[in-house]
Amino acid sequence: MTMRAELLAPAGDDAALTAALAAGADAVYFGLGEGFNARARAANFALATLPEVCARVHRAGARAYLALNTLVFEGELGQAETIVRAAAAAGVDALIVQDPAIALLARAVCPQLEVHASTQMTICNADAARFAARLGVTRVVVPRELSVAEIRRFKAESTLELEVFVHGALCVSWSGQCLTSEAWGGRSANRGQCAQSCRMPYDLILDGAAKDVGDLRYLLSPKDLAGARAVPELLQIGVHGLKVEGRQKGPEYVATSIGGYRRWLDALMAGADRAAAERQLALDLRDMTSAYSRGFGDGFLLGANHQDLVEGRFPKHRGHYLGRVVSVAGDEVTVAIDTVGRPWTGARAAEVRPRAAVGEVASPLPDGPLPDVPLPELRPGLGVVFDAGEPESAEAGGPVFRVEQHGEHVRLGFGTPGPDLARVRPGQRVWITSDPELSKRWRALASGGRVPVELVATGAVDAPLRVSARAGAFAAQAQSASSLQMARGAGLDDDVLRDKLGALGGTPFRLQAIDTAGLAPGLHLPVSELKEMRRALVEALLPQLERGAPRTIDSVPALPALRTAAWSTAAAGRWQTPLDPLLVPLVRNDAQLDAVLAARLPEVELDYMELTGLSRAVERARDRGVRVVVATLRVSKPGERAFDERLLKLRPDGVLLRHFGAVMLFSALPAAERPILHGDFALNVCNSVTAAELFALGLDTLTPAHDLDRVQLRALVAATDPTRLTATLHVRLPTFHTEHCVYAHVLSAGRDFHSCGRPCDRHQLALRDHLGFEHPVIVDAGCRNTVFNGTLQTSAAAASEWLAAGVRRYRVEFVRETQAETQAVLVAYAELLRGDVTAAELQRRLRAQAHIGVASKAQATLT
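Last residue of the sequence shown? That's 879 in our numbering, and every number before it is there in order.
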């Protein structure tokens with residue numbers, strides 16, 4: 017192992033921060049209560065406390081990363097600059113960002129302040145990484161959907177540092193591409209307000225009828241990631257960071273996960289006995305399971321496995337599966353221990369191997385599976401829950417008072433008050449959900465000095481002793497008050513100096529080495545002076561350590577100059593702005609295209625799930641004189657550039673760009689070969705600074721992010737060139753965009769597209785939520801699923817305002833509409849843009865919900 021990867025810990029509050037540092041984290045990441053934080057529901061930290069938080073982290077020998085990983089609205093850019101300035105002054109080592117505008121602000125305010133691209137930025141491949149590098153980003157937190165093989169390819173093709181999630185909760189949707197909270201809860205995951213819609217139960221609708229899937233109702237709720245098996249290969253690849261998720265979890269979770277991965281990493285780096293290291297890892301995974309687990313799996317690190325990613329029976333912490341209830345008598349429950357049916361914690365998926373990225377051969381795991389993870393010792397104090405298959409309801413459970421084990425059966429006794437055992441039935445599953453020993457253990461952790469110090473001692477008789485100290489980038493010097501004299505004995509040898517100068521207990525420092533080559537032998541100095549020199553060195557080093565690396569902060573406000581510079585470099589759009597408003601339909605099948613052609617509209621956007629049908633659709637539209645815009649995939653993993661290159665061969669008039677890799681790929685084409693470039697909503701443009709950066713790259717138009725409500729859209733329109741914006745009038749919001757295939761999971765036994773048999777070619781699925789709404793599930797050309805909102809949304813009431821402001825390009829999107837339904841929608845919006853129908857009348861006619869962005873339903877009602 018040649019690469020020492022940084023172990024990053026989450027810190028959602030002060031207790032979690034303490035646990036992370038004591039457990040050995042190399043870096044901690046945290047958010048602010050003031051905003052721009054993707055975990056707004058965590059306790060977080062106050063901006064005013066940022067200098068002390070950073071000093072505390074630095075004293076522990078770790079780095080402080082501030083998560084500013086949400087989108088920024090136009091009116092918030094000034095506040096964002098204020099926070100960036102405060103972070104730079106406080107000694108924050110790096111910002112973790114989603115919005116390009118914050119990266120650009122950081123570069124202008126303080127060039128030495130590192131910027132890391134959050135997984136929320138959806139930087140999926142090396143092409144997208146070039147966009148991030150243009151912003152000043154030095155590290156990319158790669159999407160959780162990438163396999164080890166794909167990460168290897170990403171690393172080989174990019175010069176940026178890579179950081180990989182190895183433990184914690186998995187989002188079923190690609191980060192930065194989830195709109196469920198906005199569509200269903202009136203709040204945005206891109207603004208730190210995730211409503212966890214993936215953890216809700218859904219009924220499966222197959223070809224229009226409900227399909228019985230038994231108790232697998234949590235079809236979008238993934239198991240948690242425990243990526244320990246992939247760590248050795250990630251180290252060989254040379255990733256720079258290994259990250260643990262969990263800013264909304266407690267100190268027990270942080271301490272067990274960071275402590276476990278710390279020991280695993282140290283053992284791998286030291287070349288320790290592998291069998292012993294794996295035995296320790298199994299014990300650590302046992303504690304991690306007790307702290308928090310929905311069942312552990314490899315996630316996507318070993319490639320897609322649609323049969324294993326989602327357990328489906330529950331959406332919340334379960335811990336260890338103990339077995340099933342045999343009988344209930346009084347305050348006692350007898351349980352048959354089950355060693356076969358436990359969720360994977362290390363050994364069940366031994367046959368799993370990474371799926372190759374396109375053009376690659378997948379490499380096997382270096383040393384096979386990890387050992388089985390044992391149960392905690394069955395003892396009083398453990399918490400248990402009885403699983404009746406209804407996790408959304410209150411479940412019987414509580415602490416165990418008595419334990420009697422007899423072979424494969426265990427009798428659990430409970431106190432008073434205790435669980436309602438009248439609700440417990442034979443056959444119910446039993447889970448061990450908590451272990452009070454974990455809390456005692458993390459509180460007992462003590463973090464000693466971790467910052468290595470090298471000392472150099474020089475001196476001669478009748479001259480003072482001079483000692484210089486270096487701790488990384490920090491340096492200090494001290495000189496004795498009196499001169500060195502000849503010693504009667506051995507004098508200041510290495511042992512004496514290590515003992516007196518190197519006794520750094522109670523400080524953040526530890527002595528790593530001492531150089532006495534420049535110190536004459538046989539010299540003496542009073543011990544009191546040696547101790548005083550040690551204190552002086554610590555006092556000189558400590559403030560430097562607490563402040564962090566030296567940096568310069570530009571005192572001139574950055575935002576005005578940044579706006580001016582951005583727009584001065586923004587290329588003029590080649591798209592010809594029409595005098596009259598242009599209605600542009602986005603269609604996904606031939607029936608919808610038939611309606612467009614019949615309506616004789618001048619332009620159409622094609623978003624087909626397979627490329628053969630797309631090719632035919634392009635030719636049909638072109639033959640009728642219609643301008644053709646083809647849509648890229650919403651994300652593109654390493655090795656998938658061929659999808660974008662295939663689109664070019666269709667010779668489209670325009671391309672709808674949905675990921676930053678495509679932005680870089682198409683904008684670099686010679687002008688004569690470059691189609692019109694339309695940036696889609698998936699680029700998450702929310703402010704004029706980000707918009708100008710994309711226009712400077714050569715984009716002709718942009719569709720603002722769906723996160724913007726009517727007021728925020730008004731601000732963006734006023735701050736940018738409205739003729740280069742596309743307004744979305746009619747849409748079923750694409751809520752989840754997920755690598756997990758519901759079709760493969762429930763309609764096949766296949767683990768990925770190689771073995772699923774493509775049931776998506778023969779069937780149509782939808783998910784029905786607890787309110788009865790049915791949400792269509794569509795597969796794209798990359799075999800990814802998009803769950804579309806079952807409710808149509810219209811922004812018709814804002815159309816007159818946008819027309820007056822100068823917006824000329826208006827999109828209406830279709831999902832599964834028939835030809836007749838498509839025709840009716842096109843007629844209605846053509847009438848709206850001509851002024852022949854009111855917004856209210858159109859809304860009633862189309863039965864669409866009046867809604868824009870993340871405003872609440874009451875706020876979004878258009879009148």
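We put the CB at the ideal spot given by N, CA and C, even for glycine.
DSSP state of residue i, grouped into three classes?
i: Asp223; result: coil
i: Asn206; result: helix
i: Phe89; result: coil
i: Ala892; result: Look at the range of the chain in this structure, 17 to 879, and you will see that residue 892 is not part of it.
i: Ile868; result: coil
i: Glu393; result: coil
i: Val157; result: strand
i: Trp360; result: Its pLDDT being 46, under 50, Trp360 is placed unreliably in this model, and the value from its coordinates should be taken loosely. The answer is coil: DSSP assigns Trp360 none of H, G, I, E or B.
i: Val644; result: strand
i: Ile139; result: coil
i: Glu817; result: helix
i: Thr523; result: coil
i: Ala71; result: helix
i: Gln128; result: coil
i: Thr98; result: helix
Taking just the CA atoms, how far does residue j sit from residue i?
i: Ala276; j: Glu294; result: The sequence given here has Gly at residue 276, not Ala. In a straight line, the C-alpha of Gly276 is about 11 Å away from that of Glu294.
i: Ala410; j: Ala404; result: 10 Å
i: Ala144; j: Arg215; result: 30 Å
i: Arg860; j: Phe659; result: 40 Å
i: Val113; j: Thr719; result: 21 Å
i: Glu22; j: Gly254; result: 11 Å
i: His132; j: Val153; result: 5 Å
i: Gly488; j: Leu232; result: 53 Å
i: Cys187; j: Leu729; result: 28 Å
i: Pro407; j: Leu578; result: 51 Å
i: Ser189; j: His756; result: 8 Å
i: Gln264; j: Ser309; result: 14 Å
i: Phe61; j: Ala25; result: 15 Å
i: Arg482; j: Leu500; result: 10 Å
i: Arg313; j: Glu327; result: The sequence shown places Gly at residue 313, rather than the Arg named in the question. Looking at the two C-alpha atoms, the distance is approximately 10 Å.
i: Phe769; j: Pro775; result: 10 Å
i: Asp511; j: Thr523; result: 20 Å
i: Ala494; j: Glu130; result: 32 Å
i: Ile471; j: Arg329; result: Note on residue identity: the sequence assigns Leu, not Ile, to residue 471. Whole-angstrom Cα-Cα distance: 59 Å.
i: Phe402; j: Asp228; result: 24 Å
i: Gly243; j: His183; result: 6 Å
i: Gly413; j: Asp436; result: 8 Å
Could you pull the DSSP bridge partners for residue i from this structure?
i: Pro750; result: Phe804
i: His791; result: Leu783
i: Leu535; result: Gly475
i: Val419; result: Leu428
i: Thr744; result: Arg827
i: Lys665; result: Bridge partners of Lys665: none, in fact.
i: Met502; result: Leu539
i: Ser450; result: Gly399
i: Ser484; result: Val472 and Gln493
i: Asp240; result: Phe312
i: Arg146; result: According to DSSP, Arg146 bridges with nothing at all.
Quick check: is the beta carbon of residue i nearer than 8 Å to any beta carbon in chain D?
i: Val400; result: Here there is only one protein chain, and chain D is not present.
Item to check | 3 or more residues per run - each beta strand (DSSP E) lying fully within the segment 542 to 603 | outcome: 598 to 603
Checklist entry - Hey, is the segment 248 to 262 in contact with the segment 160 to 174, meaning 3+ C-beta pairs nearer than 8 Å? => result yes
Item to check | Contact between the segment 269 to 283 and the segment 295 to 306 (3+ Cβ pairs under 8 Å) | outcome: The segment 269 to 283 vs the segment 295 to 306: in contact.
Next on the checklist: Count Cβ pairs between the segment 587 to 607 and the segment 832 to 848 that sit closer than 8 Å; are there 3 or more?
Outcome noted: Using a Cβ-Cβ distance cut-off of 8 Å, the segment 587 to 607 and the segment 832 to 848 are in contact, since at least three pairs of beta carbons, one from each stretch, lie closer than that value.
Checklist entry - Hey, is the segment 559 to 569 in contact with the segment 687 to 694, meaning 3+ C-beta pairs nearer than 8 Å? => result Contact between the segment 559 to 569 and the segment 687 to 694 is absent, because fewer than three Cβ pairs lie under 8 Å.
Checklist entry - Hey, is the segment 673 to 689 in contact with the segment 645 to 663, meaning 3+ C-beta pairs nearer than 8 Å? => result yes
Checklist entry - Using 8 Å as the threshold, is the segment 701 to 711 in touch with the segment 213 to 232, meaning 3 or more CB pairs across them? => result no
Checklist entry - Counting Cβ pairs closer than 8 Å, one from the segment 836 to 852 and one from the segment 747 to 766, do we hit at least three? => result no
Checklist entry - Could you give the uninterrupted runs of the alpha helix (DSSP H) lying entirely in the segment 268 to 351, keeping only those of 4 residues or more? => result 290 to 307
Checklist entry - For the segment 678 to 746, which segments carrying the beta strand (DSSP E) assignment without a break, of at least 3 residues, lie completely within its bounds, in sequence order? => result Qualifying beta strand (DSSP E) stretches, in chain order: 692 to 695.
Checklist entry - Counting only runs that start and end within the segment 176 to 204, where is the beta strand (DSSP E) found for 3 or more residues in a row? => result DSSP runs (the beta strand (DSSP E)) wholly in the segment 176 to 204: 177 to 184.
Checklist entry - With a cut-off of 8 Å, do at least 3 Cβ pairs link the segment 453 to 467 to the segment 421 to 430? => result no
Checklist entry - For the segment 71 to 89 against the segment 37 to 54, are there 3 or more C-beta pairs whose distance is under 8 Å? => result Two segments are said to touch when three or more pairs of C-beta atoms, one from each, lie closer than 8 Å; by this definition the segment 71 to 89 touches the segment 37 to 54.
Checklist entry - With a cut-off of 8 Å, do at least 3 Cβ pairs link the segment 789 to 797 to the segment 341 to 349? => result no
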